[in-house]
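Heads up, the thing below is written out as structure tokens.
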Amino acid sequence: MADYKAPLREMNFLLHEVFAAEKLWAELPGLAGAVDRETADAILEEMAKLASNTLDPINRSGDEEGCDWNDGVVTTPAGFKEAYATFCEGGWGALLGNPEYGGMGMPKMLGAQVEEMINASNISFALYPVLTNGACLAIDAHASEVLKQKFLPKMYEGTWAGAMDLTEPHAGTDLGIIRTKAEPREDGSYSISGSKIFITGGDQDLSENIIHLVLAKLPDAPKGPKGISLFLVPKYKVNEDGSVGESNNVNCGSIEHKMGIKASATCAMNFDGAQGWLVGEENKGLAAMFTMMNYERLGVGIQGLGASDRSYQNALEYARDRIQSRSPAGAQQPEKAADPIIVHPDVRRMLLTQKALVGGGRALSTYVAQWLDISKFGEGEEKKNAEAMVALLTPVAKAFTTDMGLDCTVIGQQVFGGHGYIREWGQEQLVRDVRITQIYEGTNGIQALDLVGRKTVASGGALFELFAADVQRFIDSQVDREAMAEFVQPLATELQRLREATEKMIAATKEDPYAPGAASVEYLHLFGYVAYAFMWAKVVAVALDKQEADSFYKGQVKTARFYFARLLPRTQALASSVNAGSATLMDLEEELF
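If you use UniProt numbering, the sequence shown corresponds to residues 1 to 593, in order.
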């Protein structure tokens, strides 16, 4: 298996040339003066070293060993404690944190590149700090000043980790029917009792304490999702001096034996009268949770992207080394018994598909992170517009990127042939690891329903038009560049195709309650392919005039050309499916399945 090499050139190209990140950072009131290009480049270079030298070497061994549960105690695989200590010593847990409590306050555009490297080198390891980051976001946005002061500094340090406890055995997507209870105590805290499942990092041996954010219901709570509150519940109580105290009746009942991400502890957690504190307002726990959901769901999309890039790197090296048969055009390396398989058109099809989807996904994650930064650090109408764009694009960034992530890892496995099915080459682990990204943080089917129902139909298409306007502004900016016509004209056509599908779907919903669900997945994929086309067009707009001087830019242009010619046409079939209605789905009687 190839050693992981962080794609720093591609990341720097996107940040500094395509999205002009330094200029944006300087203009945002909450970021001005906090970060410049030199700082950003240094951060990326340091993470590249950590990912390649520390996290990648324990990826396969972590998968082979997995986590262990013994009498309520979880042990992570060999090397994970040392890697976590190194990670914390580097201050990585504080990268995006609030500077008032010890964070570095860096932008998400930078954080997205860092997250990709962590996930590409070791998804299982990445999940521990990622969940802590998510918990910190919710605490920072909604908790009292007392809770922030008490918990955030230690969590940014990594001394204490975080976990999010939402799902219960009977309540997954429908959190409104959770049974975990919160009883008020005289001191203003609450007694939390109940069981949660599928809790990533619910227990581990990496940090000295674990801070759980638990969804629970108060005794007089309204039924359904409007009756959910959020509580901060530490594994161990915290003494007045900030040290870790006695057990807080938070226990791990078991860990799951999973298809992939085996070095990440997925726990069943029991809360037996544990002491907790309200985060945010009573009965508004879901709103507090959704503060971090846009970040977390983009983060899951980046997990799919990281696995895709890792699989591509492996497949590319193998295709260059593996010799089989001769090129259709005649021997390319006559001194060898056969040519490397990269000369064969079908192998090139697979590699270019990976390269195009990875490049499009990386650009989209950076694009969405840009809107997250504006929504967090901006002001006024600019901030409001960014929040709307984030709401629209988050389900696409999560679901489409992870769907393409599974496709890319399977394609990479296929390049290896039989060796891709063998554990020692690493490709089958990537297929297993990435599969969960389509399921957790809201299944991709739920993400599609969110995009169609809440974001598109509910807004009457207004959110879609914000995105469409941004694409149109780009198209208009390139109208005088003749060389860009081969990209801009198809992009304009595809934008119109997406708009028409959007309008038809909104109209169908008025008469058919099944219409949104029937069209949702295909609509999200249609949106995703058009969004990737937009990203590749933005890339080409920068690279086109530089390709003769630097082969990197030539590679970008030629990959974009492949995307537009070979992958973007998939939108035609997707649009037909979106427009097909619900009849063929709903007409079959249940007993005929």
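Just so it is clear, CB atoms sit at the ideal spot from N, CA and C, and this is done for glycine as well.
- Residue environment for Thr584: exposed (fewer than 16 other C-beta atoms within 10 angstroms of its C-beta).
- Annotation: Glu168 is outside any alpha helix (DSSP H) and is labelled neither H nor E by DSSP.
- Contact check between the segment 160-171 and the segment 29-47: fewer than three CB pairs, one atom from each, fall below 8 Å, which does not count as touching.
- The DSSP-derived three-state label of Gly162 is strand.
- Within the DSSP secondary-structure output, Met269 pairs in a beta bridge with Lys196 and Cys252.
- Annotation for Leu213: the continuous beta strand (DSSP E) segment containing it runs Asn209 to Ala216.
- By the C-beta criterion, the segment 425-439 is judged to be in contact with the segment 301-311, since at least 3 inter-stretch pairs fall below 8 Å.
- In the DSSP assignment, Tyr128 falls within the alpha helix (DSSP H) that extends over Ile123 to His142.
- Ala265 and Arg9 have their C-alpha atoms roughly 33 Å apart.
- Just measuring C-alpha positions, the residue of Asn12, Leu230, Lys383 and Leu495 sitting nearest Lys217 is Leu230.
- Taking one beta carbon from each stretch, the segment 490-504 and the segment 541-560 have fewer than 3 pairs nearer than 8 Å; the two do not touch.
- Separation of Pro395 and Leu463 (C-alpha to C-alpha, rounded to the nearest whole angstrom) is 13 Å.
- Annotation for Pro184: the continuous beta strand (DSSP E) segment containing it runs Lys181 to Pro184.
- When the alpha-carbon of Arg185 is set against those of Ser243, Gly273 and Glu589, the nearest one is in Gly273.
- Taking C-beta atoms under 8 Å as the contact rule, Leu524 and Ala363 fail to qualify, at a distance of about 18 Å.
- Shown here for Leu95: same chain residues with a beta carbon closer than 7 Å to its own, the five before and five after excluded, namely Met104, Met106, Gly111 and Val114 in chain order.
- Between the C-alpha atoms of Glu22 and Asp68 there is a straight-line separation of about 45 Å.
- Here the C-alpha atom of Val539 lies approximately 9 Å from the C-alpha atom of Gly360.
- Relative to the Cα of Ser243, the nearest Cα in the group Ile422, Glu208, Glu89 and Gln438 belongs to Glu208.
- Between Met117 and Met47, the CB-CB gap stays under 8 Å.
- The alpha carbon of Arg322 has as its nearest neighbour, out of Phe416, Phe562 and Asp241, the alpha carbon of Phe416.
- Boundaries cannot be given for Asp241, as no alpha helix (DSSP H) includes it and DSSP labels it neither H nor E.
- Its Cα nearest to that of Thr437, the residue Asn119 stands out among Ala83, Asn119, Asp3 and Glu511.
- Excluding five sequence positions before and after Gly102, the CB atoms of its chain that fall closer than 8 Å to its own CB belong to Ala94, Leu152, Pro153, Tyr156 and Glu157, given in chain order.
- The alpha-carbon separation between Leu574 and Phe125 amounts to approximately 36 Å.
- For Asn239, the number of other beta carbons within 10 angstroms of its own is below 16, and it is reported as exposed.
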